[in-house]
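For reference, the structure discussed in these notes is given below.
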Ligand code: DGY
């Protein structure tokens, strides 16, 4: 399949609705997703800055009063998606889910500002956006890290964005499925069920969601009583990087950055407590069950993106990363392919995801230029050869999941056109 920059732009425009963009144009994801919108905004910034800012503004229109930015906004209520807006039963101005997703907006906005000329009206708008993002980050610090450890928790696997990753197998096995649970999934009717999470995963997702709903999404209560509470390496890496980028943005607009700066210091220090010296790897922490999680997930390497202020650790991470995909033609598999939990085709249990490659490419740029260029070129190649699919097999590049996938197209534009 011949893929070009024009096709990437057309993919985004084809998925665009009123002020926001669907992750794909089939019925799999008929709403606005939080981190998808961040990547999508970056894509638009290569050809329509106003669409980029509008994408972010629409997402932030759904921000809750306490500061949370939901993982889904249901602009269109007439869809088959499950869990839909009635199943969540919450939102502020716009119907939404009651959980969040990786906070990438500060990073995306900084990237956009670095390479665009901004007019006065846009600048005013951007200042408002930055204040809202700051409120979102303060919400994380206040409610997802009440003990002030420098590391935040996620309370549902969907918050990570890598829903059925083997990272969550142990904590999810501990979730007791609600009695007589009733719901109707639609996702596995739209794409091959072999590519999607299992029914037992959904039973648990819905059980956790129903409990959050019962607690009326009260941020203090859900932290204490969610059936799932994990401090994840990948998620915290994204948050650390976003906090660093937020400080730059706050500074540029003369806004107070003290709180975020202090939090960054705590994160830099306490991240090292998640490092296992013997195994030379980082682990995530199951807070609910007081267990360490050692799974060779590509998301652990998002730490390179976070730019941890520690050369020694960064070198070890790069050495390990070079071994992650030794035998595979396409990289990076979301889970190391010799691990027992690896599944070639099932969503976040093995396939190659473009956003993971993007985080790692960006993280390596100032550490190992040659390696980072290799990742960039390989990622471009797979997209040009196979098309803008949601994910790919690491064995033979087989495209899977949704086609016309927005973030694959958006990040292709960044990989191709970003000159920095
Ligand atoms: C889905 O519906 O599969 C989404 O990933 C949940 O956020």
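Numbering (our numbering), first residue to last: -5 to 414.
The beta carbon of each residue, even a glycine, is placed where N, CA and C say it ideally should be.
The model shown is predicted, which means the values in this text are computed figures rather than measured ones.
- Shortest gap from the CB of residue 152 to any heavy atom of the ligand DGY: under 6 Å.
- The C-beta of residue 117 has fewer than 16 other C-beta atoms within 10 Å across all chains shown, which makes the residue exposed.
- Counting C-beta atoms within 10 angstroms of its own C-beta, residue 47 has 16 or more neighbours from the protein chains shown and is therefore classed as buried.
- Distance from residue 277 to residue 271 at the Cβ level is roughly 12 Å; contact not present, criterion being Cβ atoms closer than 8 Å.
- For residue 104, the uninterrupted alpha helix (DSSP H) run begins and ends at 99 to 109, by DSSP.
- Short note on residue 157: C-beta closer than 6 Å to some heavy atom of the ligand DGY.
- Look at the beta carbons and you see the segment 48 to 68 touching the segment 20 to 39: at least three pairs across the two are nearer than 8 Å.
- Positions of the beta strand (DSSP E) runs, each at least 3 residues long and wholly inside the segment 123 to 195, cannot be given because no such run exists.
- Residue 191 places its beta carbon less than 7 Å from that of residue 158.
- Annotation for residue 287: the continuous beta strand (DSSP E) segment containing it runs 285 to 287.
- For residue 95, the three-state secondary structure derived from DSSP is coil.
- Across the structure, residue 332 and residue 320 are spaced so that their CA atoms are roughly 10 Å apart.
- Residues 144 of the same chain have their beta carbon placed closer than 8 Å to that of residue 263, with the five preceding and five following residues left out of the count.
- Contiguous alpha helix (DSSP H) elements confined to the segment 297 to 342 occur at 305 to 318, taking only those with 4 or more residues.
- The three-state reading of DSSP puts residue 279 in strand, counting E and B together.
- For the pair residue 410 and residue 373, the Cα-to-Cα distance works out to about 10 Å.
- A distance of 7 Å or more separates the beta carbons of residue 63 and residue 134.
- Residue 386 carries a strand assignment under DSSP once its states are collapsed to helix, strand and coil.
- A distance below 7 Å separates the beta carbons of residue 211 and residue 84.
- Here DSSP, grouped into helix, strand and coil, assigns residue 44 to helix.
- Collapsing the DSSP output to three states places residue 78 in coil.
- Residue 84 is bridged by DSSP to 90.
- In this structure, the beta-carbon distance from residue 147 to residue 50 does not fall below 7 Å.
- According to the DSSP secondary-structure assignment, residue 291 is paired through a beta bridge with 329.
- According to the DSSP assignment, residue 112 belongs to no alpha helix (DSSP H), since it is labelled neither H nor E.
- The segment 310 to 317 and the segment 239 to 257 do not touch, with fewer than three beta-carbon pairs separated by less than 8 Å.
- Secondary structure at residue 355: helix, using DSSP grouped into helix, strand and coil.
- The three-state secondary structure of residue 373, taken from DSSP, is helix.
- The DSSP-derived three-state label of residue 22 is coil.
- For the pair residue 363 and residue 398, the Cα-to-Cα distance works out to about 30 Å.
- Three or more beta-carbon pairs separated by less than 8 Å are not found between the segment 366 to 382 and the segment 222 to 237, which leaves the two stretches without contact.
- The count of Cβ pairs closer than 8 Å, one atom from the segment 329 to 344 and one from the segment 189 to 207, reaches three, so the stretches are in contact.
- Residue 368 has its alpha-carbon roughly 12 Å from the corresponding atom of residue 356.
- In this structure, residue 155 sits away from residue 99, with a CB-CB distance that is not shorter than 7 Å.
- Taking 7 Å as the cut-off, the Cβ atoms of residue 150 and residue 106 do not count as close.
- Taking C-alpha positions only, residue 13 is separated from residue 7 by approximately 11 Å.
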